[in-house]
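Below is one structure, written out as structure tokens; comments come after it.
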Amino acid sequence: MFLVLTRLIDRSDHFSYNFRVINHSPMAIFEKSQDRLPGNVETIIGPTVKVEGNFVGEGDVAVEGSVNGSLKTAKNLRVGSSAKIKADVDADNIFIAGEIRGNVRARGRLELAASGRIYGNVDATVLAVEAGAVLHGKCQMAAGREADASVSANNSTAGHSVDELERVAIKSKR
Amino acid sequence: MYCYVYDSFLQQPRYASHLSRIEVRLAELGLQGKTERLTILKNIKEIVESALKRGVDTVVAVGNDQTVSKIVNLIAGSKATLGLIPLGEPNSIAALLGVPSGEAACDTLSKRIVKRLDLGRVNSQYFLRSIEVSGGSAVLESDQGYQISTSDPGSRISIANFGPRSVLEPQTSLADPADGRLEAVIASGAASGFSRLFRSHQSRSSVFPVKRVRVTCSTDSLPLVIDGETVVKTPATIEVAPGRLKVIVGRDRKF
Chain A
1 MFLVLTRLID
11 RSDHFSYNFR
21 VINHSPMAIF
31 EKSQDRLPGN
41 VETIIGPTVK
51 VEGNFVGEGD
61 VAVEGSVNGS
71 LKTAKNLRVG
81 SSAKIKADVD
91 ADNIFIAGEI
101 RGNVRARGRL
111 ELAASGRIYG
121 NVDATVLAVE
131 AGAVLHGKCQ
141 MAAGREADAS
151 VSANNSTAGH
161 SVDELERVAI
171 KSKR
Chain B
1 MYCYVYDSFL
11 QQPRYASHLS
21 RIEVRLAELG
31 LQGKTERLTI
41 LKNIKEIVES
51 ALKRGVDTVV
61 AVGNDQTVSK
71 IVNLIAGSKA
81 TLGLIPLGEP
91 NSIAALLGVP
101 SGEAACDTLS
111 KRIVKRLDLG
121 RVNSQYFLRS
131 IEVSGGSAVL
141 ESDQGYQIST
151 SDPGSRISIA
161 NFGPRSVLEP
171 QTSLADPADG
181 RLEAVIASGA
191 ASGFSRLFRS
201 HQSRSSVFPV
211 KRVRVTCSTD
221 SLPLVIDGET
231 VVKTPATIEV
241 APGRLKVIVG
251 RDRKF
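Chains as they are written, first to last, in the numbering used here: chain A, 1 to 174; chain B, 1 to 255.
As structure tokens, then:
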């Protein structure tokens with residue numbers, strides 16, 4: 001059963017999640033994700049290949065090998081079960097069945113399969129996590145950022161009012 | 001104005017009837033031009049350079065892949081357009097360009113569908129299809145700030161511009177010669193027996209789109225085979241030369 005994190009609202013370092021249960025059969029999302037590749041994938045990093053440095057792609061990227069440095073693409077990223085990535089990762093939609101040691105930013109959807117392991121912070125608009133996956137790090141989501149921004153705005157307005165009240169109180173004492 | 005360059009192997013008697021039929025068809029279509037026959041005494045470089053100086057606008061390679069590769073190198077970047085009349089084997093370039101063999105190619109010339117293709121360039125030499133490197137000790141350094149290496153000593157690396165991306169996996173999709181880039185492909189050594197069965201579902205190749213890449217080897221100098229013929233040694237810088245060749249293609253072209 002999948003739990004999709006839809007909101008994150010908190011002013012402190014503690015996170016609170018609203019969970020929504022999806023009525024998919026187990027593995028449905030991930031089976032689809034695995035079927036997507038390697039159809040129109042522009043870059044394929046195979047299991048025997050190691051990439052070192054700052055890789056920037058323009059199309060879909062599939063990784064089964066190793067990447068050290070940073071990995072960024074304007075489109076989708078699939079991290080296969082044999083992949084080992086020590087890099088910050090940035091892509092549109094990301095599917096992870098392998099290991100990533102670094103921060104992960106998905107501008108769209110981030111799917112973490114049961115075999116997936118992330119040791120780093122995660123930033124995504126939609127997050128889907130399968131039972132058994134490992135996620136060591138902070139999680140931030142787009143809806144949460146918007147909520148944080150509105151809460152901060154309210155606080156600053158409220159703070160201003162308190163200041164004004166204090167000034168009025170001081171004047172009245174004098 | 002046309003210049004037809006006949007490769008030297010076409011002097012063999014078995015090609016005589018093919019050539020006479022081609023010449024008749026060219027005359028029917030009004031595509032006459034100067035015919036140059038390569039021999040041991042006639043250098044292809046001098047022939048083509050002389051034709052370009054005379055203002056020839058179409059140089060037609062009559063022969064096989066080797067004939068085409070030689071002429072591509074000489075007319076790359078010029079105003080002249082390349083035409084093909086495939087005779088003999090192998091003729092995989094003509095097949096990729098959709099040009100039929102023999103006298104049927106004359107009709108393709110007559111229809112004159114001209115496309116601009118990218119070429120690859122290694123050092124100062126151009127290539128149309130690909131460069132192959134044997135041995136997994138090669139390292140590819142991209143000008144975009146990353147380098148690629150492989151742990152498989154039996155792997156083969158190819159930098160493809162046009163046609164099959166790798167000789168080990170010819171069934172895979174073709175490299176596009178009009179996309180302004182090359183494709184660096186690292187194919188793992190051919191699997192056999194059970195390993196092939198178990199790995200059949202998984203692509204064994206890595207593919208990287210590149211515009212400029214340097215091939216080096218830390219241990220020794222590796223040979224780079226250009227379009228299956230010429231050999232240069234590492235280190236070498238390979239880059240794409242976008243739209244450097246004008247060529248007459250057929251409707252059945254593979255790009």
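Even glycine gets a Cβ: it sits at the ideal position worked out from N, Cα and C.
For Arg253 (chain B) and Leu174 (chain B), the gap between their C-alpha atoms comes out near 12 Å. Within a 10 Å sphere around the beta-carbon of Val41 (chain A) sit 16 or more other beta-carbons, which makes this residue buried. Between Arg107 (chain A) and Asp92 (chain A), the beta carbon gap of about 5 Å places them in contact (Cβ cut-off 8 Å). Residues of the stretch 208–240 of chain B that bring their beta carbon within less than 9 Å of a beta carbon in chain A comprise Phe208 and Pro209, in sequence order. Taken through DSSP and simplified to helix, strand or coil, Lys53 (chain B) comes out as helix. Short of 6 Å from the beta carbon of Thr43 (chain A), and not among the five residues preceding or following it, lie these beta carbons of its own chain, in chain order: Gly57 and Val61. Taking C-alpha positions only, Ile148 (chain B) is separated from Ile157 (chain B) by approximately 11 Å.
Against Ile45 (chain A), the close residues of chain B are Ser206, in the order they occur along the chain (beta-carbon pairs closer than 7 Å).
In chain order, Ser69, Phe127 and Arg129 place their CB closer than 6 Å to the CB of Asp227 (chain B), counting only its own chain and leaving out the 5 sequence neighbours on each side. Of all residues in the stretch 94–123 of chain A, none comes within less than 7 Å of chain B when Cβ atoms are compared.
Contact check for Gly80 (chain A) and Val63 (chain A): beta-carbon distance about 6 Å, within the 8 Å limit, so the pair qualifies. The criterion of a C-beta distance shorter than 8 Å is satisfied by Leu224 (chain B) and Lys233 (chain B).
Annotation: Ser158 (chain B) has no Cβ neighbours in chain A at a cutoff of 8 Å; minimum Cβ distance is about 14 Å.
Residues of the stretch 143–158 of chain B whose Cβ lies closer than 8 Å to any Cβ of chain A, in chain order: Gln144, Gly145, Tyr146, Gln147, Ile148, Ser149, Thr150, Ser151, Asp152 and Ser155.
Between the alpha carbons of Lys115 (chain B) and Pro13 (chain B) lies a distance of about 34 Å. Lys50 (chain A) has a beta carbon lying within less than 8 Å of a beta carbon in chain B. Contact annotation, Pro209 (chain B) with Arg181 (chain B): C-beta distance approximately 5 Å; criterion of less than 8 Å satisfied. Runs of the beta strand (DSSP E) lying entirely within the stretch 6–81 of chain B and spanning at least 3 residues, in chain order: 33–37 and 58–63. For the C-beta of Ser130 (chain B), not a single chain A residue is nearer than 9 Å; the gap to the nearest is close to 17 Å. Just so you know, the alpha carbons of Gln66 (chain B) and Tyr4 (chain B) end up roughly 15 Å apart. Cα atoms of Gly59 (chain A) and Lys72 (chain A): separation of roughly 10 Å, rounded to the nearest angstrom.
Across the structure, Asn91 (chain B) and Val89 (chain A) are spaced so that their CA atoms are roughly 44 Å apart. Rounded to whole angstroms, Ser188 (chain B) and Ala143 (chain A) show a C-alpha spacing of 44 Å.
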